[in-house]
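In what follows, a structure is listed as structure tokens, so that the remarks can point back to it.
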Amino acid sequence: MALFDKVEKEVRTKKAKYDKELSDCKQQITDTEEELEKSKAELIEAEEQLNIDQYNTVDDKIRKLENAKRIYELKHDKILDTPLIDEAEYKKKRKQLEDNAITKIEAINDKALPLITQIKELAEQTDIIFNETNELLDILFRDLYKSDDMINPSFSYYENARLLFNDIKSSHLTQRLGIKKEQSFLERMFIHQDEQQSKKYKMNNKK
């Protein structure tokens with residue numbers, strides 16, 4: 002944690018310094034632009050008054066302001082484009098931050114795994130309830146009620162632990178518990194098609 006705090010402080014300090022330099026430079030550009038606008042108005046006024054000294058003074062001021070603006074803009078671009086750290090420092094700090102994150106996440110994972118096991122057990126209990134209920138509903142529907150309908154409306158209740166577990170059982174974390182990731186419908190369909198094509202190929206070769 003001490004190492005993370007040190008890296009975090011260094012990163013945020015450099016970022017704060019960068020942000021301030023960029024902000025100050027932008028403000029210098031803005032201030033110069035405002036001063037330029039005022040000076041241009043003064044130049045027009047001096048021209049209208051045929052005041053040569055004032056005109057030359059303001060004209061000289063405008064040139065200096067335009068030069069200053071250009072330098073500030075170059076400085077702004079340099080701040081944007083110049084790295085604050087080299088590649089070696091970047092890779093070092095990146096690894097330190099990622100290692101710290103993995104350590105923290107794994108500590109959370111250690112707490113999550115028992116909860117996943119509990120949810121799995123609750124899902125299995127839910128399956129038993131569904132199976133028992135639907136078995137009795139089928140007896141009720143066909144044997145006692147003696148309905149002529151082909152389809153028996155089965156029991157369903159979507160707020161249950163089974164659906165919750167289904168949502169998480171394909172995760173990498175769940176697979177640590179030895180629970181295999183289930184294939185999607187499309188994956189099963191493609192596998193089935195491949196098996197059928199393989200059978201046809203073998204039969205054709207036998208002929």
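Count along the sequence shown from 1, add 1, and you get the number used in our numbering.
From the three backbone atoms N, C-alpha and C, an ideal C-beta is built for every residue, glycine too.
{"Query": "Inter-residue spacing [alpha-carbon to alpha-carbon] between Glu4 and Tyr73", "Result": "Strictly speaking, residue 4 in this sequence is Leu, with Glu absent from that position. When rounded, the distance between both Cα atoms is 38 Å."}
{"Query": "Collapsed DSSP secondary structure at Tyr91 in the structure displayed", "Result": "helix"}
{"Query": "Alpha-carbon to alpha-carbon, Asn161 and Phe131", "Result": "10 Å"}
{"Query": "Distance CB(Lys76)-CB(Cys26) smaller than 7 Å", "Result": "yes"}
{"Query": "Nearest-angstrom Cβ-Cβ length linking Lys209 and Ile109, presumed shorter than 8 Å", "Result": "No answer is possible for residue 209: it lies beyond the span of the chain, which begins at 2 and ends at 208."}
{"Query": "Sufficient close CB pairs (3 or more, under 8 Å) joining the segment 56 to 64 to the segment 29 to 45", "Result": "yes"}
{"Query": "Touching by the beta-carbon criterion (3+ pairs, under 8 Å), the segment 107 to 124 and the segment 152 to 171", "Result": "yes"}
{"Query": "Minimum C-alpha distance to Pro154 - residue among Lys147, Leu145, Leu138 and Ile180", "Result": "Leu138"}
{"Query": "Gln50: first and last residue of the uninterrupted alpha helix (DSSP H) it sits in", "Result": "Run containing Gln50: none; DSSP gives neither H nor E here."}
{"Query": "Helix, strand or coil at Arg13 [DSSP, three-state]", "Result": "helix"}
{"Query": "Alpha-carbon spacing of Lys18 relative to Ile80, whole angstroms", "Result": "11 Å"}
{"Query": "Own chain partners of Glu22 with C-beta closer than 8 Å, once the 5 adjacent residues on each side are dropped", "Result": "Ile80"}
{"Query": "Selection from Lys105, Leu98 and Glu67 that minimises the alpha carbon distance to Glu11", "Result": "Leu98"}
{"Query": "Inside the segment 111 to 153 only - alpha helix (DSSP H) runs reaching at least 4 residues", "Result": "none"}
{"Query": "Presumed contact (8 Å Cβ cut-off) between Lys15 and Leu85, rounded CB distance", "Result": "5 Å"}
{"Query": "Buried or exposed by the 16-neighbour rule on C-beta atoms within 10 Å, applied to Ser40", "Result": "buried"}
{"Query": "Phe166 (DSSP reduced to helix, strand or coil)", "Result": "helix"}
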